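Student:
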Amino acid sequence: MVAAKSAKSNIEPNSPTVTASQVPAKFPAWIRSKELSEANDEIASHLPDLSSADSDTLRALTKAWLKRELGFISNAEFSASGIGNQIFGDTLGLAGRQSELGIAAIRKSGIDLPIHFSRLCEAPLLKPEQEVILFRRMNFLFHQASVHRSLLNPNRPSRIRLELIEQLVALAEWHRDRIVEANLRLVFSIVKKFVNLNNTFDDLLSDGIVGLMRAVEKFDYDRGFRFSTYATQVVRRNSYRTVVTNQEDRQKTIGGLQDMEIEVAEEERSSAISEKRWHELRARLAVMLSDLDRREKFIIRARFALGSHRRVHTLQSLADRLGISKERVRQLERRAMEKMQQMAGDPQFAELS
1464 MVAAKSAKSN IEPNSPTVTA SQVPAKFPAW IRSKELSEAN DEIASHLPDL
1514 SSADSDTLRA LTKAWLKREL GFISNAEFSA SGIGNQIFGD TLGLAGRQSE
1564 LGIAAIRKSG IDLPIHFSRL CEAPLLKPEQ EVILFRRMNF LFHQASVHRS
1614 LLNPNRPSRI RLELIEQLVA LAEWHRDRIV EANLRLVFSI VKKFVNLNNT
1664 FDDLLSDGIV GLMRAVEKFD YDRGFRFSTY ATQVVRRNSY RTVVTNQEDR
1714 QKTIGGLQDM EIEVAEEERS SAISEKRWHE LRARLAVMLS DLDRREKFII
1764 RARFALGSHR RVHTLQSLAD RLGISKERVR QLERRAMEKM QQMAGDPQFA
1814 ELS
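Position 274 of the sequence shown, counting from 1, maps to 1737 under our numbering, and the rest follow consecutively.
1) Write down the C-beta distance between glutamate 1585 and glycine 1556 rounded to the nearest angstrom, noting that I regard them as a contact closer than 8 Å.
2) Do you know how far the Cα of phenylalanine 1664 is from the Cα of valine 1658?
3) What whole-angstrom Cβ distance do glutamate 1626 and proline 1487 have, given they're in contact under 8 Å?
4) Give a yes or no on whether the C-beta atoms belonging to valine 1679 and arginine 1641 are separated by under 8 Å.
5) What I want to know is whether the C-beta of isoleucine 1762 ends up closer than 7 Å to one or more non-hydrogen atoms of the ligand PLP.
6) Have a look at serine 1472 and lysine 1497 and give me their C-alpha separation to the nearest angstrom.
7) If contacts are defined as beta-carbon pairs under 8 Å, then asparagine 1548 and tryptophan 1493 qualify, I think. What distance do you get, rounded to the angstrom?
8) Where does asparagine 1646 fall in DSSP's three states?
9) Out of Trp1528, His1579, Phe1551, Asp1712, which one is the CA nearest neighbour of serine 1562?
10) Since leucine 1604 and alanine 1635 should fall inside the 8 Å C-beta cutoff, what is the C-beta to C-beta distance between them, to a whole number of angstroms?
11) Among Arg1522, Ser1537, Ile1536, which one has its Cα closest to the Cα of lysine 1530?
12) Does DSSP put asparagine 1618 in a helix, in a strand, or in coil?
13) Do you know offhand how far leucine 1583's Cα is from arginine 1648's?
14) Go ahead and label phenylalanine 1455 buried or exposed: buried means 16 or more other beta carbons lie within 10 angstroms of its beta carbon, across all protein chains shown.
15) If you reduce the DSSP assignment to three classes, tell me which class asparagine 1661 lands in.
16) Assuming contact is defined by CB atoms lying nearer than 8 Å, are serine 1669 and glycine 1786 in contact in what I supplied?
17) Find the nearest neighbour of isoleucine 1550 within the set Ala1527, Arg1784, Gln1607, judged by alpha-carbon distance.
18) In whole angstroms, what separates the C-alpha of leucine 1667 from that of glutamine 1593?
19) My guess is that alanine 1662 and valine 1706 are in contact by the Cβ rule of under 8 Å, so how many angstroms apart are they, rounded?
20) If I measure Cβ to Cβ from arginine 1797 and keep anything under 7 Å in the same chain, skipping five residues before and after, which residues do I get?
21) Distance check for isoleucine 1623 and glutamate 1759, CA to CA, integer angstroms please.
22) Would you give the residue range spanned by the alpha helix (DSSP H) that lysine 1526 belongs to?
23) Can you give me the C-alpha to C-alpha distance between phenylalanine 1541 and valine 1632, rounded to a whole angstrom?
24) Taking just the CA atoms, how far does isoleucine 1763 sit from leucine 1778?
25) For glycine 1687, count neighbouring Cβ atoms within 10 angstroms of its own Cβ and tell me buried if that reaches 16, exposed if not.
Here it is in structure tokens:
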């Protein structure tokens, strides 16, 4: 199974937007069901308006969808007649967000965290039956999007089919987000155990949320297990791997500096810096690298193919890996470079030239 990619189109949404009551009549009837009214209303402003799109735009969008990966857990029942009405016939009944749940999660963490973190934990836990309904609907919607995508033809682009695919994927991601929100407190409880001087809570939380989203994509609800059991193992393993990787990176950096051999001609030994001073400078170089936070070090090494990276990574690939925007990666890269430039200008590094 491949990881699901974001369903946001490269085409920016235009007004007017489509509300739940305006879902095209050519779409399957179950898309307009009462159970999907809230989701349809929330995604309406994010859907592109293709009503006035020309053939070139539709053709480009068709090619983009044919290249896009859709990851989901298939089920034999998804191909049954009338299954859409059945899947969206049950009542989900999600409870609203509760600010007191977020505040309680912050207090239980035992870590001094900004209050805005509490907003991540305001969604109530899911009941077992709600969990099954959400996973079933999410995978069914991705399955339907995949079926209609397979019918796309770049030479004869269909506006209605493209609009339907956009709607289906956006609805699937809406259900995915409800699962993620309801399990963020689980991520909090796991990653706080790995926090130390070299691994901050916000970095571990960022990695933990990425791990949680991957767990949602790979979880098979039809096996009868609770998602929290599976997600706990995934997030815990992801956090442990992050801590180990950070430790290995620090050891490689320090070890690499200590193992450097500098050839100095005999006639220059009298004017060269002392061995003690050289060791001090090597230590300062290690400090300069270690002063970057985990994400900054990762981005610098990935962008310049340093350390374990065998190729230069793009800003978008790093954004997908870190679970942040492409622009945020650019900002972190710029900040890291500025830090290193400032540290390199320290008078204590003068002898390096």
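Built from N, CA and C at the ideal position, the CB exists for glycine as well.
If you're wondering where the values come from, they're calculated on a predicted model, not measured in any experiment.
Tutor: Answer, in terms of the structure:
1) Within the sequence shown, residue 1585 is the residue found at index 122, counting from 1. Within the sequence shown, residue 1556 is the residue found at index 93, counting from 1. Their Cβ separation, rounded to whole angstroms, is 17 Å, which puts glutamate 1585 and glycine 1556 out of contact at 8 Å.
2) Numbered from its first residue, the sequence shown carries residue 1658 at position 195. Numbered from its first residue, the sequence shown carries residue 1664 at position 201. Approximately 6 Å, taken between the alpha carbons.
3) For the purposes of this step, residue 1626 is identified with residue 163 of the sequence shown, where counting begins at 1. For the purposes of this step, residue 1487 is identified with residue 24 of the sequence shown, where counting begins at 1. 7 Å between Cβ atoms; contact.
4) Position 216 of the sequence shown, counting from 1, holds the residue named residue 1679. Position 178 of the sequence shown, counting from 1, holds the residue named residue 1641. No; because the gap between Cβ atoms is not below 8 Å, this pair is not in contact.
5) Ligands are entirely absent from the displayed structure, and the ligand PLP is therefore not among its contents.
6) Here residue 1472 refers to the residue found at position 9 when the sequence shown is read from its first residue. Here residue 1497 refers to the residue found at position 34 when the sequence shown is read from its first residue. Confidence at serine 1472 is low in this model, with a pLDDT of 39, below 50, so the placement of that residue is unreliable and no value is reported for it.
7) Counting from one through the sequence shown, the residue named residue 1548 turns up at place 85. Counting from one through the sequence shown, the residue named residue 1493 turns up at place 30. Indeed they touch by this definition, with Cβ atoms about 5 Å apart.
8) Taking the first residue of the sequence shown as position 1, residue 1646 is located at position 183. DSSP places asparagine 1646 in coil when its eight states are reduced to three.
9) For the purposes of this step, residue 1562 is taken as the residue at position 99 of the sequence shown. Comparing C-alpha distances from serine 1562 to each of Trp1528, His1579, Phe1551, Asp1712 shows the shortest one belongs to His1579.
10) Here residue 1604 refers to the residue found at position 141 of the sequence shown. Here residue 1635 refers to the residue found at position 172 of the sequence shown. About 4 Å separates the beta carbon of leucine 1604 from that of alanine 1635, a gap short enough to meet the 8 Å contact definition.
11) In the sequence shown, residue 1530 corresponds to position 67, counting from 1. Among Arg1522, Ser1537, Ile1536, the Cα nearest to that of lysine 1530 belongs to Arg1522.
12) Taking the first residue of the sequence shown as 1, we reach residue 1618 at position 155. When secondary structure is reduced to three states using DSSP, asparagine 1618 falls in the coil class, being assigned neither helix nor strand.
13) Counting from one through the sequence shown, the residue named residue 1583 turns up at place 120. Counting from one through the sequence shown, the residue named residue 1648 turns up at place 185. Near 8 Å, if we compare the C-alpha coordinates of arginine 1648 and leucine 1583.
14) For residue 1455 there is no data in the structure shown, the boundaries of the chain being 1464 and 1816.
15) In the sequence shown, counting from the first residue as 1, residue 1661 sits at position 198. Three-state result, asparagine 1661: coil.
16) Sequence index remark: in the sequence shown, residue 1669 carries index 206 (1-based). Sequence index remark: in the sequence shown, residue 1786 carries index 323 (1-based). Less than 8 Å divides the Cβ of serine 1669 from the Cβ of glycine 1786.
17) Taking the first residue of the sequence shown as 1, we reach residue 1550 at position 87. Among Ala1527, Arg1784, Gln1607, the Cα nearest to that of isoleucine 1550 belongs to Gln1607.
18) As a working note, residue 1667 is residue 204 in the sequence shown. As a working note, residue 1593 is residue 130 in the sequence shown. Taking the straight line from one Cα to the other gives about 28 Å.
19) Working through the sequence shown from its first residue, we reach residue 1662 at position 199. Working through the sequence shown from its first residue, we reach residue 1706 at position 243. A small fix is needed here, since residue 1662 is asparagine in this sequence, not alanine. 5 Å between Cβ atoms; contact.
20) Here residue 1797 is taken as the residue at index 334 of the sequence shown, counted from 1. Hits under 7 Å: none found.
21) Within the sequence shown, numbered from 1, the residue matching residue 1759 stands at position 296. Within the sequence shown, numbered from 1, the residue matching residue 1623 stands at position 160. Rounded to whole angstroms, glutamate 1759 to isoleucine 1623 spans 44 Å at the Cα level.
22) Looking up residue 1526 in the sequence shown gives position 63. From DSSP, the alpha helix (DSSP H) with lysine 1526 extends over 1518–1530.
23) By one-based count along the sequence shown, residue 1541 stands at place 78. By one-based count along the sequence shown, residue 1632 stands at place 169. Take the alpha-carbon of phenylalanine 1541 and the one of valine 1632: they are about 16 Å apart.
24) The count along the sequence shown starts at 1 and reaches residue 1778 at position 315. The count along the sequence shown starts at 1 and reaches residue 1763 at position 300. Within the model, the alpha-carbon separation for leucine 1778 versus isoleucine 1763 is close to 11 Å.
25) Numbered from its first residue, the sequence shown carries residue 1687 at position 224. Exposed, since its Cβ has fewer than 16 Cβ neighbours within 10 Å.
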